[in-house]
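Below: one structure, written as structure tokens.
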Amino acid sequence: MPANPTPPRGLAFGLASAQPVFDRATDMAVAMFDGYAAALAIVHQGRMWRTRDPDGRLPKTSVLAEQVIGSGAPLWVEDLTRHPASANHVLVAGGGHLRFYLGVPILGRDGAVIGVLSVVGLQPKAFDAVKLRLLEQLAEFVADECFRQLGAQELAETQSTLSAFVQAVPVSLMVSDRDLRILQASPLWLEAFGLTLEEARGRCIYDIAPAFFEPFRHAYDRCLAGERVHGDRVPSPGTDDSMRFLRAELTPWHDAQGEVGGIIVAALDITEMVEALDRTGRSEQRLKLAV
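For the working numbering, add 945 to where a residue sits in the sequence shown, where the first one is 1.
Okay, here's the thing in structure tokens:
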């Protein structure tokens, strides 16, 4: 049979990069059953994508595959000429000479059917429980790959969204992992330390500016322990040895298992406001003395 073309990007709802795994799965299915061909179909939002038809030239539906999808159970048809739904199909009665069909569901984590792994043959084949179980195990392997690919895609989308948000916020903001290594940082945060995101990412804050961050180690430790830490007027040495004042918020973020994955630090420089309040206070004090 001709080699499968690479599926267009976007088909199989983000699973195009799993094509090599799908190809190995179908090749293994053919070898296990001495079949004529094997195919893997992924179903999403009413559309069906097939490894043997990535460009969508075949009919959009498959009666036998839809039966597997609808029932959520394997379908073994020993002789297609005796199956009412397929006896008159062009590939059975019209010269295709297909006689055997086996389809097993590919199940999502919620138990819903996300696809079908099927094998067809030119000779009838009696039911074989051992081979059925082998194909079911192969379908489970395909499902695991789907989960892995979708998980990676969701992670990439989440990271992209996070990056866009952090780059847009008008405050100094930094996101770290549990070891206080930089994951994301806003332009204001990066500018304060004279770094680009590429230069900062992956570095521990204590390595970047020990004199600045070391005095707040206890606050970071409390946050990593799960506590939200807030400071209304935090004195902080500036990079030019001046004293700055910050309003800071340290918030732990949690991973999928509910564990603290790192911290988010947001800080607003309120030095000018503090200095203005101090000047106002001194003026009022002088006025009282004068009176």
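Every residue, glycine too, gets a C-beta built ideally from N, C-alpha and C.
Where residue i falls: helix, strand or coil (DSSP)
i	result
Ile1153	helix
Cys1085	The displayed chain sequence assigns Glu, not Cys, to residue 1085. Note: Glu1085 maps to helix in three-state DSSP.
Tyr1165	helix
Leu1043	coil
Ala1221	helix
Val987	Residue identity check: residue 987 is Ile in the sequence provided, not Val. Residue state, collapsed to three classes: strand.
Arg1054	coil
Leu1003	At Leu1003 the pLDDT is 48, less than 50, meaning the model places this residue with poor confidence; the figure from the coordinates comes in the next sentence. Note: Leu1003 maps to coil in three-state DSSP.
Ala982	strand
Pro965	helix
Val1037	helix
Pro1029	coil
Pro1069	coil
Phe1138	coil
Arg1093	helix
Residue burial classification, residue i (beta-carbon count within 10 angstroms, cutoff 16)
i	result
Gly1044	Looking at the sequence provided, one finds Arg at residue 1044 rather than Gly. Classification for Arg1044: buried.
Ser1016	exposed
Gln1129	buried
Thr1141	exposed
Leu1003	Only weak support is given to the placement of Leu1003: the predicted model assigns it a pLDDT of 48, under 50, and the value that follows is read from those uncertain coordinates. Its Cβ having fewer than 16 others within 10 Å, Leu1003 is exposed.
Ala1018	exposed
Phe967	buried
Val1065	buried
Val1037	buried
Ser1109	For clarity, residue 1109 is Ala in the given sequence; the question names Ser instead. Burial call: exposed.
Pro1197	buried
Leu1067	exposed
Gly1147	exposed
Met1119	buried
Pro1050	buried
Phe1190	buried
Gly1139	exposed
Ala1212	buried
Val1114	exposed
Glu1217	exposed
Limits of the unbroken beta strand (DSSP E) element including residue i
i	result
Leu1142	Premise fails: Leu1142 lies in the alpha helix (DSSP H), 1142-1145, not in any beta strand (DSSP E).
Leu1125	No beta strand (DSSP E) holds Leu1125; DSSP gives it neither H nor E.
Leu903	This structure leaves residue 903 out entirely; the chain is present only between 946 and 1236.
According to DSSP, residues forming a beta bridge with residue i
i	result
Ala1212	Ser1117, Ala1193
Ala1130	Met1119
His1175	Glu1194
Ser1108	None; Ser1108 has no bridge partner.
Leu1077	DSSP lists no partner for Leu1077.
Ser1063	Ala984, Gly1048
Gly1207	Trp1198
Met973	BP columns for Met973 are empty, so no partner.
Pro1180	Phe1190
Opening and closing residue of the alpha helix (DSSP H) in which residue i lies
i	result
Leu1009	1008-1016
Chain C within 8 Å of residue i, Cβ atoms only
i	result
Leu1077	Absent from the structure is chain C; it holds one protein chain and no more.
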